[in-house]
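Just so we're on the same page, the working numbering is the position in the sequence shown counted from 1, plus 17.
Glycine included, C-beta positions come from ideal geometry on N, C-alpha and C.
Predicted model only: the values in this text are computed from it and were never measured.
Okay, structure first, notes after.
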Amino acid sequence: MQISMKCSVAVHCLIFIHEADGIAKVTSDLLAQSTGCNPVVIRNILSALKKAGIIEVSRGTGGAKLLADPRQITLFQIYSALEPDGLHALIGIHNCENRPCPVAQNIRRVLKTPYHKIEDAIRKTMEEITLQAMLDDFHAQNAER
């Protein structure tokens with residue numbers, strides 16, 4: 018019950034892609050070196066981001082670029098590209114409604130509304146966080162070093 022690490026790797030890649038724009042051609046091998054992930058994992062993440070319209074990847078020797086202004090890309094878009102059903106799976110309900118216990122028979126319905134409220138709050142918060150805000154944090158952290 019956690020947001021997968023694919024999301025943090027994707028944000029890492031997107032910040033790297035933004036920062037390298039015009040300086041270096043960003044390939045899956047380069048991103049693998051930066052993230053410490055296997056290049057296949059990186060290619061899968063880039064493929065999902067490409068499919069979501071967040072980046073473009075040149076054919077052949079590669080080279081990734083952002084397709085939108087970082088102010089227009091939200092953390093929720095990034096997360097959803099990687100985990101389309103992620104919020105529904107974030108909070109699970111155990112399977113027990115076939116048991117004779119009245120609590121077991123009703124727990125799913127009891128938890129449905131509060132869990133939807135939690136999902137909505139997470140979605141809203143993630144929609145308010147932009148790639149630009151994370152880039153700003155990156156630059157601030159980098160300046161402190």
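Could you check the C-alpha separation between Ala69 and Pro117 for me, to the nearest Å? 45 Å
Tell me which residue opens and which closes the beta strand (DSSP E) that Glu100 is part of. Unbroken run through Glu100: none, as it is neither H nor E.
Cβ neighbour criterion (16 or more within 10 Å) applied to Ile110
exposed
Q. Under a Cβ-count criterion, where at least 16 other Cβ atoms within 10 Å of its own Cβ denotes burial, should Ala81 be classed as buried or exposed?
A. buried
Could you compute how far the alpha carbon of Thr91 sits from the alpha carbon of Cys113? 36 Å
Between which residues of its own chain and Ala157 is the CB-CB distance below 6 Å, once the five residues before and five after are set aside? none
task = In angstroms with no decimal places, state the Cα-to-Cα distance between Leu152 and Ile95.
result = 14 Å
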